[in-house]
């Protein structure tokens, strides 16, 4: 079989004719003869001519396969039918226009955008009525400009015959590619693999086969000749020896360095490529004597980056970046060729230029919408900003998703063709997509995102550690204050240790951090404390697990060790707790330990006694001796019987315990008594105001007398109720008393309303009446003052009345408060919080709430756990010692990780106290191991001390719940291998959710 090779030559003597056949047989000698002859004989007056030569099929070309069919396909390739051009005397083409076409398209784009933005204002301010002809001309400008832009940029793809809009010339594309290459190389240059690495050899092997079949003219914009390059890399040293020190590259060549390419040259000098690759069917490279022409190197530069990214991309400047994460995942040349051919197809089809054209058109469209919206809403700036934000989001969405799917599909089709022509089986593309689907679930459902196990674990660890770092400063009495600012600008201050408030108010975006925060808040809801410790321990567990996983330990092994360590830690807690029948002094120490982490020391010491007295007041008496069954069970403590009332008044040290009830409302009649001593209290749930009938009814009257009778009949029901109340008051207050007996008073507290007429009747009879009391206060009032709440006034007797030594009204500004004090054996109390501002009151309220829960837990557990980090130190030593030795297999690693994580509590306490963490932990561990005593960290000196002697106690149930919650959440996060963002399934029919 014969082929023809067509070459354009000046008419030379016969000795200058060099055929491709001669070049293929002895490319070095033939090429040197031709170059020397050309340099000695060529003149500027030579005329071009045509020379035809034949090349037999037996040409000894390099073939990468011995298969005859594949060899035949290679020989038929375009690269063997090349133009053997010895020199080129044609002068360089020059632009006919005064400026380049890309610049013209750019000017037209800016003119179109400016005109479309200006037109809405011309319409808005009625300028078109004053200058109609100019306005019409201005309207025609964007129309003609867009037509010219489309006409200049419209192009048909030579391979797929698809029409596309190209807004950049090839020169601009190259400038963009050089800038992109420099940026990528400076970022990934330190991680490049060098030649000799097996992964580099694999990439080069695949690239050389692909470049054999890729048309050179489709991706090389600056190459001025249409022939492939020569010589192969292996023959360049031989030519250098024959040609001398200067080498063949110094003859007739000039290298032009532009500012755009200088950064690229610097980056290449700093980070040379991992390898170069070129077609094996490129037998010669032409030379030129034209000093204005630059012949680029035909080789592609391969950059293999040692990073775990599953990615690869190609640039029009013949650079390909391949990451080792992709190579390690695919491991096969055929699969790797599918990815590389896909990326090369993006370059050959100029998808980056096409996408840029689409973005320009989309930007013009959305700029027009912004101009119209601004012209219509110029008087409403907030509406203008809102519409502008929506249009920006729509523009970004369209730019990201509206055009990329079509280009990706085209790259897939062209890439499959490249694979087939290069000798790879395109059917393996299905295997490639299956492998990639295991990495990225987006190929199955575009609305979902997936992160595999390693990345998922890293995300979980980062989220947990990030949340732990936020709350770390809150632990212990030396913790800091956090300021929370909401969207409305409201500020809330939360003192150290109150992690529940901080986690509830913070806006957390990370899903792992949000799950941990919910777990910590649930801890507070169940046992009342320990939120900060839970967050810290979960974060440290994941951090310790990550250390072992990074060394190759499977997460399941660590999870098994965590489960074993949790069981042993809970068993150790049962033996470490201190059972005790708690007295008031021990309870005050428990309350002080809790309050000191949230309030300053002086206030914490004062409120500790008030909190303990409040809980002891509402605590039910013990069951009688000898009781069995349900009667032998003591009633639980109901903290709702402790009313917390806030008064923004005086200082925080004026906060007090009222052994009675304080209500946040007073009498509604100006003549009502303000102070009542020795008061009988009647609690009612009766309406003392006119009420409409429950059914629709009407009454018609024809005279004023009939109306008066109607009013009297309506009042008769209410007056009858009032009469019975007054009779009861007279019965208990006006009856004969002894000479030394003080006069009695009468108070009515009603859960429902009392109208002004009824209040007037009660005032005339010397009764203090309060209306619309809270249901919870009605329950507390019965426990405090006694008596029975009445839902009717028909059967009122003195036995239903309660008693209080003093009931008085206190007015603070426009607010009124009613105090019920001097009661006998109160079963409910009120903690009256006072402070100069809302921030102080909120802090005291949060501290009192946790203090009440701490005392309640201690009473119900009847045991305590030494605080100041003593339990964590002892438990860590227990797990690291006998438990780790008894554990089987690699579960020991999980046990050790759990033990190391427990030490985060004493470490954080020492750090927040301002002491050296390592010194404090080492000294505490040494004392604990040497003596076996209970040892914690003294936050005043940083030295070890016995917390049981100093009265630093933690709740048993708080520690138990903390160990359980932390281990469960940590194991669940370690078992997570994917993080999915839920969305509407693409498998459902359109319109279904």
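Residue numbers (the UniProt record's numbering): 1 to 993.
Even glycine gets a Cβ: it sits at the ideal position worked out from N, Cα and C.
{"Query": "Beta carbon of residue 901 nearer than 7 angstroms to that of residue 541", "Result": "yes"}
{"Query": "Residue 703 versus residue 717 - alpha carbon distance", "Result": "23 angstroms"}
{"Query": "Pick from 398, 492, 534, 883 that is closest to residue 360, judged by C-alpha positions", "Result": "398"}
{"Query": "For residue 675, the three-state DSSP class (helix, strand or coil)", "Result": "strand"}
{"Query": "Strand pairing of residue 509, partner residues [DSSP]", "Result": "Answer by DSSP bridge pairing: none, since residue 509 is not bridged."}
{"Query": "Stretch-stretch touch, CB-based, cutoff 8 angstroms, three pairs: the segment 571-583 with the segment 847-864", "Result": "yes"}
{"Query": "Start and end residues, alpha helix (DSSP H) containing residue 719", "Result": "704-733"}
{"Query": "Exposed unless 16 or more other CB atoms sit within 10 angstroms - verdict on residue 163", "Result": "exposed"}
{"Query": "Residue of 897, 462, 849, 877 minimising C-alpha distance to residue 563", "Result": "897"}
{"Query": "Limits of the alpha helix (DSSP H) - the one that residue 332 falls within", "Result": "Where residue 332 is concerned, there is no enclosing alpha helix (DSSP H), given that its DSSP letter is neither H nor E."}
{"Query": "Residue span of the beta strand (DSSP E) that contains residue 767, given as start and end", "Result": "767-770"}
{"Query": "Separation of residue 840 from residue 485, as counted between CA atoms", "Result": "16 angstroms"}
{"Query": "Start and end residues, alpha helix (DSSP H) containing residue 775", "Result": "775-785"}
{"Query": "CB contact flag (residue 923, residue 944, <7 angstroms)", "Result": "yes"}
{"Query": "Residue 822 versus 471, 381, 657, residue with shortest Cα-Cα distance", "Result": "657"}
{"Query": "At least 3 beta-carbon pairs within less than 8 angstroms: the segment 531-539 vs the segment 514-523", "Result": "yes"}
{"Query": "Integer Cβ distance of residue 305 from residue 324, believed to fall under 8 angstroms", "Result": "7 angstroms"}
{"Query": "Distance between residue 971 and residue 867 (C-alpha atoms, nearest Å)", "Result": "26 angstroms"}
{"Query": "Residue closest to residue 308, alpha-carbon to alpha-carbon, out of 318, 883, 301, 322", "Result": "322"}
{"Query": "With 16 other Cβ atoms within 10 Å as the buried cut-off, status of residue 483", "Result": "exposed"}
{"Query": "Stretch-stretch touch, CB-based, cutoff 8 angstroms, three pairs: the segment 848-858 with the segment 792-812", "Result": "no"}
{"Query": "Distance, residue 930 Cα to residue 585 Cα", "Result": "31 angstroms"}
{"Query": "With 16 other Cβ atoms within 10 Å as the buried cut-off, status of residue 624", "Result": "exposed"}
{"Query": "Contact under 7 angstroms by Cβ, residue 909 with residue 869", "Result": "yes"}
{"Query": "Of the residues 418, 489, 523, the one placed nearest residue 503, counting alpha carbons only", "Result": "523"}
{"Query": "Limits of the unbroken alpha helix (DSSP H) element including residue 212", "Result": "198-213"}
{"Query": "With 16 other Cβ atoms within 10 Å as the buried cut-off, status of residue 888", "Result": "exposed"}
{"Query": "Separation of residue 561 from residue 881, as counted between CA atoms", "Result": "14 angstroms"}
{"Query": "Exposed unless 16 or more other CB atoms sit within 10 angstroms - verdict on residue 147", "Result": "exposed"}
{"Query": "Per-residue DSSP class, three states only, for residue 651", "Result": "coil"}
{"Query": "Residue environment, residue 916, which counts as buried when at least 16 other CB atoms sit within 10 Å", "Result": "exposed"}
{"Query": "Counted within 10 angstroms of its Cβ, other Cβ atoms place residue 622 as buried (16 or more) or exposed", "Result": "exposed"}
{"Query": "Cross-strand partners of residue 973 (DSSP beta bridge)", "Result": "None, per the DSSP bridge assignment."}
{"Query": "Backbone secondary structure at residue 144 - three-state DSSP", "Result": "helix"}
{"Query": "Cβ pair residue 906, residue 928 closer than 7 angstroms", "Result": "no"}
{"Query": "Residues near residue 895 in its chain [Cβ-Cβ closer than 7 angstroms; skip 5 each side]", "Result": "561, 564, 565, 879, 883, 884, 887"}
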